[in-house]
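A.B. asks: If you scroll down you'll find the structure; I have some questions about it.
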Amino acid sequence: MRFEHLVEVNDPLNPLMEALTLNQIWQGLVLRVLEPTEFVEGLDEGIITAQGDGWVERELRFGKACIQDRVTLEPHRRVTYTTAATGEHAGGSLTMTIETNEANAAFIRFIYDTTLPSADETGDTRYAEIVKSAYREADIDTVRRIREFAATGRLG
7 MRFEHLVEVN
17 DPLNPLMEAL
27 TLNQIWQGLV
37 LRVLEPTEFV
47 EGLDEGIITA
57 QGDGWVEREL
67 RFGKACIQDR
77 VTLEPHRRVT
87 YTTAATGEHA
97 GGSLTMTIET
107 NEANAAFIRF
117 IYDTTLPSAD
127 ETGDTRYAEI
137 VKSAYREADI
147 DTVRRIREFA
157 ATGRLG
C-alpha cells in the first residue's frame with residue numbers, strides 16, 4: 007500500500023498561526039528520530055543502536071514487540087525511515103519531506119510505502135483506509151508536537 011499526503015506547517019494567510027522557521031521544522035523532524043517516544047504513541051522505548059553521518063539505526067519497543075529501522079537524513083530536506091517486514095510489523099518506508107513555496111507556506115509531505123495490501127482478497131479496502139486514517143492522524147500529531155517544542159524554545 008502506498009499513501010501520500012501533506013500536512014500544513016505554516017499558513018501565511020493565518021495570522022494566528024505562528025510561523026516556524028525551516029530550521030525549527032528540521033530540528034523537530036530530527037528530534038522525532040532521536041527521541042521517538044516524544045512522538046509515537048504506544049512506543050515504550052527507542053534505542054539508537056548505531057549512528058553515522060546522515061543515518062541512524064534504532065530498535066523501537068512496543069511492549070514485547072521490537073522493530074528495527076534505519077533512518078536516513080538529508081539535512082533541512084528529508085527524513086526516510088525504512089523497516090523490514092517481520093511477524094510483528096508489515097515493513098516498508100516512511101519519507102517526510104519539507105516543502106516550502108514563495109508565499110512562505112510550509113508543509114511536510116508524508117509518503118508511506120508498506121507491504122500492506124491496498125485491499126483484501128475480496129477487494130475490501132476498509133482495513134487500508136483505517137490504516138491511512140491512523141497515519142494521517144499520527145502525522146498531524148507530529149506537526150502539533152513540533153509546534154509545541156518550538157514554542158518552548160527546544161528547537162532553537
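In terms of our numbering, the sequence shown opens at residue 7 and continues consecutively. Glycine included, C-beta positions come from ideal geometry on N, C-alpha and C. Small disclaimer: the values here were computed from a predicted structure and weren't measured.
1) In terms of residues, what are the limits of the alpha helix (DSSP H) holding leucine 40?
2) So, at 8 Å on beta carbons, what are the nonlocal neighbours of alanine 91 in its own chain, with the 5 sequence-adjacent residues on each side left out?
3) How is arginine 76 classed by DSSP in three states: helix, strand or coil?
4) Is the beta carbon of isoleucine 31 less than 8 Å from the beta carbon of isoleucine 152?
5) Assuming glutamate 108 contacts arginine 115 (C-beta within less than 8 Å), just tell me the rounded distance between them.
6) So what does alanine 112 bridge to, in DSSP terms?
7) Can you have a look at glutamine 57 and say buried or exposed, based on whether 16 or more other CB atoms are within 10 angstroms of its CB?
8) Name the residue from Glu41, Val13, Pro81, Asp75 whose alpha carbon lies nearest to the alpha carbon of asparagine 29.
9) Tell me which same chain residues have a C-beta within less than 6 Å of the C-beta of tyrosine 87, skipping the five on either side of it?
C.D. replies: By the coordinates alone:
1) Counted as a single uninterrupted DSSP element, the alpha helix (DSSP H) harbouring leucine 40 occupies residues 28-40.
2) Here the set comprises Gly97, Gly98, Thr121.
3) Here arginine 76 carries a strand assignment [DSSP, helix/strand/coil].
4) Yes; because the gap between Cβ atoms is below 8 Å, this pair is in contact.
5) The Cβ separation is near 17 Å, so there is no contact.
6) For alanine 112, which the question treats as bridged, DSSP gives the partners Asn16, Thr106.
7) So glutamine 57 ends up on the exposed side.
8) It is Pro81 whose Cα lies nearest to the Cα of asparagine 29.
9) Around tyrosine 87: Asp75, Val77, Leu100.
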